[in-house]
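Residue numbers (the working numbering): 8 to 146. The C-beta atom is built at its ideal place from N, Cα and C for all residues, glycine as well. Values in this document were obtained by computation on a predicted structure and should not be read as measured data.
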């Protein structure tokens, strides 16, 4: 198994994270994003909205792409976890968890974007930036 991780800020207003898995066989994958203790995540369909009193609302979406670049939204759930702000201290904090399964080469694309209630963010369209760039590079 080979893992290639890359992050990109194409427009500066959102973050794309690519996790490429180069392998043979069938595997289960899990992405885990540890949040700050003050964050309040709310899973909604195939995305998760993260609330924080001192920052903008954040929309998070994750897609699994197979070798043919077919993308499937990966459900996101929330688990109880902790962070350590100082040595010997644990503070309860939420964790975003996404589970997927695939055979052969796969790519997980995570999009994190500020969410403005006035202008809905299309996470799937943002994720397609990675798919289109990847297809162009392969050609």
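Original post:
Does the segment 38 to 53 touch the segment 76 to 85, meaning 3 or more C-beta pairs lie closer than 8 Å?
Top reply: yes
**OP:** Could you check what DSSP says for residue 4 in three-state terms: helix, strand or coil?
**Re:** Lying outside 8 to 146, the shown extent of the chain, residue 4 is not represented and no answer is given.
**OP:** Please work out which residues of its chain come closer than 6 Å, Cβ to Cβ, to residue 40, disregarding the five sequence neighbours upstream and downstream, and give them in chain order.
**Re:** 103
Original post:
If you run the structure through DSSP and keep just helix, strand and coil, what is residue 33?
Top reply: strand
Original post:
When we look at the beta-carbon of residue 2 and count the other beta-carbons within 10 Å, is it buried (16 or more) or exposed?
Top reply: Outside the modelled stretch of the chain, which goes from 8 to 146, sits residue 2, for which no answer is possible.
Original post:
Going by the beta-carbon positions, is the gap between residue 69 and residue 105 smaller than 7 Å?
Top reply: yes
Subject >> Residues near residue 57 in its chain [Cβ-Cβ closer than 6 Å; skip 5 each side] >> reply: Contacts found: 46, 48 and 65.
Original post:
Among all the DSSP beta bridges, which residues are the ones paired with residue 41?
Top reply: 102
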